[in-house]
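Structure first, then comments.
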Amino acid sequence: MLKKIFFRPGQKALLPERQQALGKIRERLGWKIKNRQYFLQALKHRSVAGRHIDSNERLELLGDSVLGLLVCEYLYITRPKDDEGQLTEVRSLVVSKKILAKLAKELGVGELLEMSREEVASGGRYKDSILCDAMESLIAAYYLDSGLKAVRIFLQKTLFWQITHLSSHEAYKNFKGLLQEYMQSRRDARSVRYNVKADAGPEHHRTFEVELKIARKRYGLARAGTKKEAEQLAAQQTLEKLKTEIG
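Residue numbers (UniProt numbering): 1 to 247.
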């Protein structure tokens, strides 16, 4: 029943490039493909789909849930001393756009995507948002094709082993949380405010500018592709400035 909900049947002759894409999925990800249609749809960007229902967006929704479940399961088993807040923070990191896009780049997913010439020309094969969505869609396709156990084994080989490194690496730290902890440790009761100063660009390539103020004084100003990333960068700047002020 689940497969019928997320998949619209219909076998067609494959173009050579789509056949090659499936071959590379098998080779790079080590997957056995039983029903090729799941994976063809997972690689189809909305720019070439006649309707959104024919793109990878529905699979993306399922893949997000499958990934979230397996990440939570892994963290629950391997981090028995972490409380709910700590587990939530690590989970958010592991399933973040940055991490999933990084995995997609390592696996060469971008070059396998089916998208319009305009999207390719705008750098679509390298955009983190598109790569993240594609990775989630592929996870959903693999789940429908081979089951939860197969996806779990794949994630153990490609993602789970990196969790300790990711949670300690500066590039992936939660600077907003660290800033809050720093303020509390110094009994600093001043209010911290994040303000979006600018939000520009087309929908697929937006830029957010976020200002961070502590008690009306600006400490950080950062730009990024998402509001959350800009806030993290502004928090990182603020932490560095506060530590410099104290000496």
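Even for Gly, the Cβ is constructed at its ideal location relative to N, Cα and C.
Can you tell me which of the three DSSP states residue 226 falls into? coil
Grouping DSSP H, G and I as helix and E and B as strand, with all else coil, what is residue 153? helix
Shortest alpha-carbon distance to residue 54 belongs to which of 87, 66, 69 and 137? 137
In chain order, what are the residue ranges of uninterrupted alpha helix (DSSP H) at least 4 long that sit wholly in the stretch 89-119? 97-106
Per DSSP, residue 218 forms a beta bridge with which residues? 213
Tell me whether the beta-carbon of residue 112 lies closer than 8 Å to the beta-carbon of residue 43. yes
Does the Cβ of residue 56 have 16 or more other Cβ atoms within 10 Å, making it buried, or fewer, making it exposed? buried
Hey, out of 115, 105, 149 and 152, whose CA is closest to residue 132's CA? 105
Kindly indicate which three-state DSSP category residue 44 falls into: helix, strand or coil? strand
I think residue 210 touches residue 234, with their Cβ atoms under 8 Å apart; what is that distance to the nearest whole Å? 5 Å
Grouping DSSP H, G and I as helix and E and B as strand, with all else coil, what is residue 49? coil
Does the Cβ-Cβ distance between residue 309 and residue 175 come in under 8 Å? No information on residue 309 is available, as it lies outside the stretch 1 to 247 that the chain covers here.
Would you identify the three-state DSSP class for residue 189, choosing helix, strand or coil? coil
Please list the terminal residues of the continuous alpha helix (DSSP H) segment that includes residue 24. 16-29
Does DSSP classify residue 199 as helix, strand or coil? strand
Taking all protein chains shown into account, decide if residue 125 is buried (16 or more other Cβ within 10 angstroms of its Cβ) or exposed. buried
Nearest-angstrom Cα separation, counted from residue 98 out to residue 50: 29 Å
Where does the unbroken alpha helix (DSSP H) through residue 76 begin, and where does it stop? 57-78
Determine, using beta-carbon pairs with one atom in the stretch 189-208 and one in the stretch 219-237, whether at least three such pairs fall under 8 Å. yes
I'd like to know whether the C-beta atoms of residue 33 and residue 15 end up nearer to each other than 8 Å. no
In the DSSP output, which residue or residues are listed as bridge partners for residue 39? Per DSSP, none; premise fails for residue 39.
Expressed to the nearest angstrom, what Euclidean distance is found between the alpha-carbon atoms of residue 250 and residue 96? This structure does not reach residue 250, given that the chain is present from 1 up to 247, and the question cannot be answered.
Sorted by chain position, which residues of the same chain lie with C-beta nearer than 7 Å to residue 222's C-beta, five sequence neighbours on each side aside? 210, 230, 233, 234 and 237
Which first and last residues belong to the alpha helix (DSSP H) in which residue 129 is found? 128-146
Bridge partners for residue 208 per DSSP, in chain order? 199 and 224
Taking three-plus beta-carbon pairs below 8 Å as touching, is the stretch 140-156 in contact with the stretch 61-80? yes
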